[in-house]
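Note sheet for the following structure.
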Amino acid sequence: MDNAIVWFRDDLRLQDNPAFTAAVDNGYRVIPLVISEQTVPASAHTWWRHYALADFQQSIKSSGGNLCLRLGRAEGVLQTLIDELQVKAVFWNRRYTPTGIAIDTGMKQHFKALGLEVKTFNAALIKEPWQILNKTQKPYRVFTPYWKACLHEGLAGANPLPEKKIHWLRTESLALQELELLDHIRWDKQFPEHWKPTRAEGLEQLNHFLQGPVHSYDCDRDRPDIVGTTRLSPYLHSGLIGVREVVSAIELETALRSTRSSVDSASFVTGCDKLLSELGWREFSYYLLYHHPECVREPLQESFKRFPWKKDQKLLRAWQSGQTGYPIVDAGMRELWQTGWMHNRVRMIVASFLVKHLMQPWQEGADWFMQTLLDADLASNTQGWQWTSGCGVDASPFFRVFNPVSQGKKFDPDGAYVRRWVPELKRVPLKQVHEPWLMDAGLQQASNCVVGDQYPKPIVDLKQGRERALEAWQSIRE
DNA sequence: TGAAATGTTGGGGCG
DNA sequence: ACGCCCCAACATTTC
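Residue numbers (the numbering used here): 41 to 518.
Here it is, written out as structure tokens:
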């Protein structure tokens with residue numbers, strides 16, 4: 041029996057894993073490998089990765105293997121193992137980030153040239169980015185026709201499990217701690233209160249969602265004050281759960297429902313369609329990143345390269361630390377810092393505020409999100425920022441400036457979300473909870489929220505900020 | 001997957 | 001009963 045390395049990256053699961061399945065079914069003895077290249081310092085998503093790896097390690101252990109953890113540059117690590125263990129094949133699932141593609145392409149050529157069998161697969165996406173093209177054989181630039189084309193082809197479900205018995209090759213491994221994925225400064229100490237990075241927990245969340253919240257997903261997903269979303273993003277990014285497993289779960293639940301005629305099937309179908317379309321946006325992000333790798337740093341709309349940003353470290357710091365004086369913005373930024381996650385509606389609000397009212401370059405916001413999000417996903421994050429900044433393809437028009445006060449009133453109508461994350465607002469009456477500066481001096485005292493003292497004064501005037509942004513935008517229009 | 005400015009309409013108070 | 005004004009409520013336009 042020959043040995044094959046299955047190199048796991050953002051696909052930390054044995055189910056729905058085509059590279060792993062192929063290795064087993066092709067009759068190889070499997071060396072499950074994870075390499076930590078340590079190119080980024082410990083941050084929120086490496087915290088997640090640490091515990092996700094612990095879970096993955098455990099699942100391999102319980103099926104009789106041991107996960108091989110290594111540190112260093114991928115090529116060197118692979119070469120060492122190949123030499124030591126007479127490895128005949130290397131299998132992995134594809135990445136789609138520019139650097140990931142560059143590394144993987146080079147490595148595939150290198151090891152093929154040495155006579156190894158190297159095979160790559162799709163575990164991360166419903167459709168490969170090169171698969172979906174418009175009538176002129178070019179990539180789509182608008183979401184809706186793109187997603188229709190995907191739906192027309194049919195959404196693939198989970199990849200099959202191996203049919204043959206799994207044979208593991210046990211190897212020496214570093215201890216998980218030696219990967220140094222946890223920061224020495226334990227600013228992440230509150231994460232465990234909010235997250236359990238295990239596959240079982242992710243599946244549980246998915247199932248729970250499909251049993252209840254999916255029915256009101258259409259409106260509830262916009263409400264940061266209630267748990268109306270799946271909160272699956274970190275599971276999907278690390279690959280504890282595969283996106284195609286989500287598709288399969290939806291299909292299975294739909295099939296179960298069609299056998300009984302339930303009265304609430306309409307809301308179920310609507311919710312599922314909405315969820316699928318959110319997964320569609322994720323796909324579209326990977327698609328755009330694949331076809332336009334430069335979009336990580338460069339706006340997709342040429343004219344935005346001339347945008348007159350007003351770089352200001354003080355404003356950026358105030359935004360990052362949730363001290364802007366606008367409750368919904370501060371609540372979002374503090375939720376992010378404390379839990380490693382932010383509700384999507386609030387991501388749009390804080391992004392619009394940073395880019396438009398504060399006139400800071402979207403790349404600054406994108407960088408901060410990548411450092412602080414558990415689900416730090418280059419594709420989704422880049423597209424999210426380009427979308428709100430109005431410089432992406434099929435983006436929100438720049439003139440659509442979110443007003444943090446009206447957005448707060450609309451999507452956090454009881455003030456529960458802002459009060460949860462901005463404790464200064466706990467005793468502020470609902471009427472002023474999204475605009476505490478409107479309280480008179482006496483009420484500010486009585487509410488323990490003296491503006492300019494206990495809670496910051498608004499960092500920018502909304503009307504002025506909006507007008508300044510629109511003027512700047514006019515200046516770059518053709 | 002906005003918001004603000006501007007335009008239009010229609011009911012009610014009032015002389 | 002009528003015209004006039006006011007102004008909410010809604011609709012349209014603009015960024």
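Even for Gly, the Cβ is constructed at its ideal location relative to N, Cα and C.
Excluding sequence positions up to five away, which residues of its chain have a Cβ less than 7 Å from the Cβ of residue i?
i: Lys449; result: His474
i: Glu168; result: Asn162
i: Ala358; result: Thr364, Ile499
i: Arg263; result: Phe451
i: Cys335; result: Leu328, Leu329, Thr422, Gln426
i: Ser515; result: Pro348
i: Val117; result: Ile75, Arg110
i: Cys312; result: Val254, Ile290, Thr294
i: Lys148; result: Val158, Thr160
Measuring CA to CA, which of the options is closest to residue i?
i: Ser76; options: Ala62, Leu340, Asp50, Ala63; result: Asp50
i: Ile166; options: Val283, Arg134, Val462; result: Val283
i: Arg110; options: Trp87, Leu214, Gln177, Asn174; result: Leu214
i: Glu115; options: Ala142, Glu464, Trp381, Gln403; result: Ala142
i: Val462; options: Val130, Gly362, Leu502; result: Gly362
i: Gly197; options: Gln484, Gln353, Glu293, Val491; result: Glu293
i: Leu125; options: Val80, Leu219, Pro200, Met41; result: Met41
i: Gln119; options: Gln447, Ala295, Ile45, Asp417; result: Ile45
i: Val395; options: Thr139, Trp349, Asp95, Cys312; result: Trp349
i: Gln78; options: Gly112, Ile100, Ile290; result: Gly112
i: Leu201; options: Ala63, Val309, Gly194; result: Ala63
i: Gln360; options: Asn384, Leu154, Phe438, Phe393; result: Phe393
i: Lys159; options: Pro58, Gln472, Arg261, Gly492; result: Pro58
i: Gln494; options: Leu470, Lys466, Lys471; result: Lys466
i: Thr211; options: Val309, Gly252, Ile100; result: Ile100
i: Asp454; options: Trp88, Trp227, Asp228, Asp265; result: Asp265
Measure the CB-CB distance between residue i and residue j and report whether it falls below 9 Å.
i: Thr379; j: Phe231; result: yes
i: Arg554; j: Gly279; result: Because the chain spans 41 through 518 in this model, residue 554 falls outside it and cannot be assessed.
i: His277; j: Asp415; result: yes
i: Thr412; j: Ser83; result: yes
i: Val286; j: Leu319; result: yes
i: Pro496; j: Asp370; result: yes
i: Met373; j: Gly505; result: no
i: Pro72; j: Asn106; result: yes
i: Trp132; j: Arg271; result: no
i: Leu173; j: Gln97; result: no
i: Tyr275; j: Leu315; result: no
i: Pro367; j: Val458; result: yes
i: Gly517; j: Asp417; result: As written in the sequence, residue 517 is Arg, which differs from the Gly given in the question. Cβ distance not < 9 Å, so Arg517 and Asp417 don't count as in contact.
i: Asn199; j: Asp65; result: no
i: Leu355; j: Ala289; result: no
i: Val74; j: Phe48; result: yes
i: Arg135; j: Ala164; result: yes
i: Trp187; j: Ser317; result: yes
Excluding sequence positions up to five away, which residues of its chain have a Cβ less than 8 Å from the Cβ of residue i?
i: Ser103; result: Leu54, Ile206, Trp208
i: Trp170; result: Tyr330
i: Glu338; result: Lys345
i: Leu156; result: Ile122, Val127, Lys128, Ala129, Val130
i: Gly67; result: Met41, Asp42, Lys204
Grab the span of the beta strand (DSSP E) containing residue i for me, first residue to last.
i: Cys108; result: 108 to 111
i: Gly160; result: Checking the sequence shown, residue 160 turns out to be Thr, not Gly. Run containing Thr160: 157 to 161, per the beta strand (DSSP E) assignment.
i: Ile172; result: Taken as a continuous stretch (DSSP letters only), Ile172 belongs to no beta strand (DSSP E), as it is neither H nor E.
i: Ile45; result: 43 to 48
Counting only the same chain and skipping the five closest in sequence on each side, list residues whose C-beta sits under 6 Å from that of residue i.
i: Ser325; result: Ala419, Ser420, Gln423
i: Asp434; result: Val182, Phe183
i: Thr86; result: Leu221
i: Trp402; result: Val395, Trp425, Ser429
i: Thr137; result: Leu418
Let me check you understand the geometry: is the CB of residue i closer than 8 Å to at least one non-hydrogen atom of the ligand SAM?
i: Gly282; result: The ligand content of the structure shown is nil, which means the ligand SAM is not present either.
Could you tell me the boundaries of the alpha helix (DSSP H) in which residue i lies?
i: Pro444; result: 444 to 451
i: Leu292; result: 283 to 299
i: Leu125; result: 114 to 125
i: Ser361; result: Per DSSP, Ser361 belongs to no alpha helix (DSSP H) and is neither H nor E.
i: Ser305; result: 305 to 331
i: Val458; result: 456 to 461
i: Arg346; result: First-last for Arg346: undefined, no H or E at that position.
i: Leu221; result: Segment: none, Leu221 is in no alpha helix (DSSP H) and carries neither H nor E.
* **Contact between the segment 475 to 486 and the segment 388 to 395 (3+ Cβ pairs under 8 Å)** => Taking 8 Å as the limit for Cβ pairs, the verdict is that the segment 388 to 395 does not touch the segment 475 to 486.
* Would you say the segment 416 to 433 touches the segment 235 to 248, given that touching needs at least three Cβ pairs under 8 Å? -> Touching, no.
* Is the segment 400 to 407 in contact with the segment 434 to 447, if contact means three or more CB pairs nearer than 8 Å? -> Contact fails: fewer than three Cβ-Cβ distances are below 8 Å.
* Sufficient close CB pairs (3 or more, under 8 Å) joining the segment 331 to 344 to the segment 505 to 512 -> No, the segment 331 to 344 does not touch the segment 505 to 512.
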